Each structure stands twice: as structure tokens, then as C-alpha cells.
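Only one structure is covered here, and it is reproduced in the block below.
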Amino acid sequence: MTTPDNTPILVGAGQQTWHETDASRTPLDALHEAAKKAIADVGTANITGGIDALAMVRFIADTTPGVGELFPRNPGSALAQRLGIADPAIYQGTIGGNTPQYLVNHFAGKLARGEHSAVMLTGAELLATLFSVLRTGEDISAWADGGTEPPPVGVEREGHTATELAHGLYEPINTYPLFENSLRHNLGVSSQEHIAQIAELCSRMSQVAANNPYAWRPQFQTTQQISTVEKRNRYIGYPYTRAMNPILEVDMAAAVIMTTVGKARELGIDESQWIYLHAGADVNDIWYVSERPTLHASPAIKLAWDTVSAKAGITVDEISHFDIYSCFPSAVHVACNEIGMNPLDDRGVTVTGGLPFFGGPGNNYSLHGIAHMLETLRGGSTGHGLVTANGMYLTKHSLGIYSTQAPQRPWQDTDNSALQAQIDSAPRVAVATDPSGRATIETFTVGFDRDGPKRGIVIARNSAGERIVANTPGDEATLAQLMTDDPIGHTGNVHVQDGLNIFEL
């Protein structure tokens, strides 16, 4: 079968990591560096003239009061001028780690429909430099270029309820351990066994990072090193040690270039550069964590995977390479469960090294995963790759299947709205309007700071089956009891104090 001219493909990728902070390096400079590498990777100068759209991954600090104004409102226009791209359409993604794969899926459809000829997707995070500047007070006024924001691709929406916010669930370092402890309880294993398993998963990811020149932390770490609690590897949110958490303080940038088979032939791009996107899907789980019936599963990932697998005609056993979004071990384990894969599968779960070792550059991590997937697939004779990307709290999910082989069927957009309707129509848990009284713990975590345990968080249900989000008393004995006695399934009393739900074991 002759591959249709409108088949979407990826033809170029570029990445850069800067280990030395430099306040004079602006976000626009970082985007420019990655974009130049992607253009060079295509192998023909003609691509610059073919690009008619630029899409930016939004900076993660962009919406933070007092910080967001330091970032350029519309770096796409200035980037196009630097690259010599004439008057492209400019877009910007929304907040969320799913954004890079979401943009790939979105623009694949636009390319297939002839709405654009070639699209550059690019993003950068200079969080290592930003945090350094916030400490030192260096001048970064040159970072902002003014202008107006381009139209968003996707919808911005707050990821948590007021109750979740008040009890600490706005921080991923608190929320993902809740998923982890629910998962462990469902598996029926002890805390010690489970910590050893997730440490093994992380150790395997670190081995990939150790061989990746772009990795922020390119050192292999053993299972014991990852699981052992000590001063430089303290708990962040039980049961996660520091080594199991993503590295946010990084300076990184990435870019990929998409076009169609017909345009690639017209521009003279060698077929060895082509990577086909066979299918993509974007589905959100029930939006608020406190309303989800199960806290260790993702119906949206399963639905998205079943959809792309069927559309591509490719099963999980036929996938050679994976980049499963790895902000925390629970995100990996849940995704693997939903696609029917063991997290310790010999094929591995990451082509980069994952967010705890390669680095977790805000909303832009998965653009690095996609760039690495291109390079990995090109390096083999044949193969298929799966990228899963996750935003917020196992909330927003975007999946894509990539391949060196042309698809056997013409490109067809996924009806994501129909998929979303299935999730939205599913039953959800009612949150108790009056949380006072007896309740049974479904999951828990303990949040730490540098001085030790500080905050107990539980999710529980009352006798009516209503959900309650609560904190525990912060005394040392209570927090120690949470970590040693496995409180899931235990009952206690909830009362309201100063606007907070307090769960007494």
C-alpha cells in the first residue's frame, strides 16, 4: 500500500541540557538552541521555509504570582524571527505534563487535514537558574519580551478542590504517595516489600539515565541506595525517598518537527528521518482526586491505550520501546497496569531515564521523551514505541504510538470527546458535606520537611460511603504510627478544627 501523502510524521528532534546556571541565558535563548538542533536534525535547510506553525509548551512557572511575569508572554514570535521562519501561526499549550504528547496528537490532525504544512513544537524550563536567581537576586529582566499570549491549545482548569487544597493535595509530592499506598494495599504486600519493588523500578530507570548524555543526574543508583533513608535521601512523602521524586530544578529544552509524508518528499527529507505517528488519544480521568472511586487505577489510561492500540493494530507485546510518564513510581505502576505491562518488564519503562534521574522539566518532560523516542527508533531496524504523558494528579493523559514502519491504514483522528464522555458518565464518589464522625482510611501519606515528618494526610470514607479528605494531628507519635501500623482499613474519628478536617486514629 502506498502511504497517503497526508500521513503525519516526525522528522526532526533537538535537545539541550545546561548543568551550569546562567542568568544571562533567557528562555528564548533556550528555545532557540533546541529548535536549531531540531532543524539541523532534519537534514535539509528547506524545512525552515516549510514550517508554518510554532507551538510552545507553557513554562510551568508561568502562572505563579510574582514569578510568571518574569517569563515571555509570546516567545513563539521572537523565536520565529531568530530562526528565519516567515509569519507562522503561533500556539501555546496549557499547564500539564501531558501537554507535549497532546500537542503532537493535536497537530497530527491539523497536518493530516491540510491546515498546516509543517509544525515545530518546542519547550524549555530554566528552573535551576530561576531558583538560583530567586536566592541571589540576579537580574533576569531580559527574560521577558512583552507581547500578548498566543491562543491556547487545550483548556486551563484548576486541578483540585478547595478542600483538597486546604489539606495539602495541591502538591504532587503529597498526592502521588496517596496513590502509591493505595496501590500497595491493593497488591496485598508489606510496606517493606513494596518499597523494595519501587526502588528496583527506580534503579532500572537510573541505569538508562546513566547512559544518557542529556540526563541531569546521569549516575546509576542501586535499589539499596534509592530505598535507604539518610540525610541526603530523606523521605519527601512517605513512602517516597528523595531519589524517587522528580528533579524539578533543571535547565533543559527540547524541540521536535512534524510534517506529512507528502511535504517531506517535497522538501527532500530523507526517509531514514521519518517516524510515523500511528495513533494518539487524549483522555482525562475524573477530574478531582477526592471523587475517584479507585485511588490506584486510571480508567482514562486504559481507555486511551485500548483506543490507540486498536487504531494502530499494535498490541503491547509488539511495542519495543516505552516512555511511561514517571513523575512518581505510582504513575508508572498505574499506567503499566492499565496497558497490561509489568513495570519491571525487561523492555524498560523509559528511553530517557525518567523524571527522577533524567530530569523533570516541568510541563516539558515528555517532549524530551518524544525526542528520545525518535532517536531510539531510528537507531533500530524496526520497532514501535509508546509514549504516555500525564498531567496534574493522574488526571490528564495523552498517549501516542510511534513507529519506523508506515501505518497500514490512513490517518484518522481519535474522537477524544466520545472517549471523554465515557469517563465523565462513570459514577463518582460524593464528598461528605459534613465530615464529622467515624470514617475508615482508604489511603494515607506523611509529608516531610528537612527536619522530619510534619503532616499526615488521609483519604477516608464514612458509613454512607462519602469521601473525606483530612489531616491527622501532627505529633510525632501519630505520624510514626501512620508509617509503621499500615492504617488502611482502620477507623477513626473526624472533627473539624479551624476549617480543617482532622482524623484521629
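The sequence shown begins at 91 in my numbering and counts up one residue at a time.
Ideal Cβ placement from N, Cα and C applies to all residues, glycine included.
Please read these numbers as outputs of a predicted model, since none were measured by experiment.
One thing to note: residue 461 has its Cβ within 8 Å of the Cβ of residue 104. Membership of residue 321 in any beta strand (DSSP E) is not indicated, and neither H nor E is assigned to it by DSSP. Listed as beta-bridge partners of residue 366 by DSSP are 99 and 493.
The distance from the Cβ of residue 440 to that of residue 458 is about 11 Å, inconsistent with a contact at the 8 Å cut-off.
From the listed residues 432, 555, 408 and 451, the smallest Cα separation to residue 495 is found for 408. Between residue 276 and residue 386, the CB-CB gap stays under 8 Å.
In the DSSP annotation of this structure, residue 175 is not part of any beta strand (DSSP E), being labelled neither H nor E.
Bridge partners of residue 487 according to DSSP: 373 and 480.
Going by DSSP, residue 412 is part of the beta strand (DSSP E) stretching over 411 to 413. Of the residues 261, 595, 244 and 240, the one whose Cα lies closest to the Cα of residue 250 is 261. Residue 539: member of the beta strand (DSSP E) spanning 527 to 539, first to last residue.
In this structure, the straight-line span from the alpha carbon of residue 309 to that of residue 297 is close to 7 Å.
The region 569 to 586 makes contact with the region 523 to 540: 3 or more CB pairs, one atom from each, lie closer than 8 Å. When DSSP reads this structure, residue 341 sits in a beta bridge with 216.
Looking at the DSSP output, residue 145 bridges to 181 and 211. A residue is called buried once 16 or more other Cβ atoms fall within 10 Å of its Cβ, and residue 193 is buried on that count. The C-beta distance from residue 367 to residue 492 rounds to 6 Å, short enough to meet the 8 Å contact threshold. For the pair residue 100 and residue 169, the CB atoms are not nearer than the 8 Å cut-off.
DSSP, reduced to helix, strand and coil, places residue 586 within a strand of the structure shown. Annotation for residue 132: the continuous alpha helix (DSSP H) segment containing it runs 117 to 132. With a cutoff of 8 Å on beta-carbon distance, residue 517 and residue 383 are scored as near each other. Residue environment analysis places residue 567 among the exposed positions, since fewer than 16 neighbouring C-beta atoms fall within 10 angstroms of its C-beta. Annotation for residue 552: the continuous beta strand (DSSP E) segment containing it runs 542 to 552. Classified as buried, residue 380 has 16 or more neighbouring CB atoms from the shown chains inside 10 Å of its CB. Between residue 550 and residue 558, the CB-CB gap stays under 8 Å.
Counting of Cβ neighbours within 10 angstroms places residue 433 among the buried residues, the total reaching 16 or more. In the DSSP assignment, residue 157 is bridged to no other residue. When Cβ pairs closer than 8 Å are counted between the two stretches, the region 132 to 150 is seen to touch the region 342 to 359, the count reaching three or more. Contact between the region 408 to 426 and the region 325 to 345 is present, with at least three C-beta pairs closer than 8 Å. Taking all protein chains in view, the Cβ of residue 226 is surrounded by fewer than 16 other Cβ atoms within 10 Å, so the residue is classified as exposed. Relative to the Cα of residue 483, the nearest Cα in the group 422, 476 and 523 belongs to 422. For residue 437, there is no enclosing beta strand (DSSP E), as DSSP gives it neither H nor E. With 16 or more neighbouring CB atoms inside 10 Å of its own CB, residue 340 falls in the buried class.
Of the candidates 94, 485, 431 and 401, 431 places its Cα closest to the Cα of residue 412. Put simply, of 503, 343 and 331 the residue whose alpha carbon is nearest the alpha carbon of residue 539 is 331.
Annotation: the continuous beta strand (DSSP E) that includes residue 559 extends over 557 to 561.
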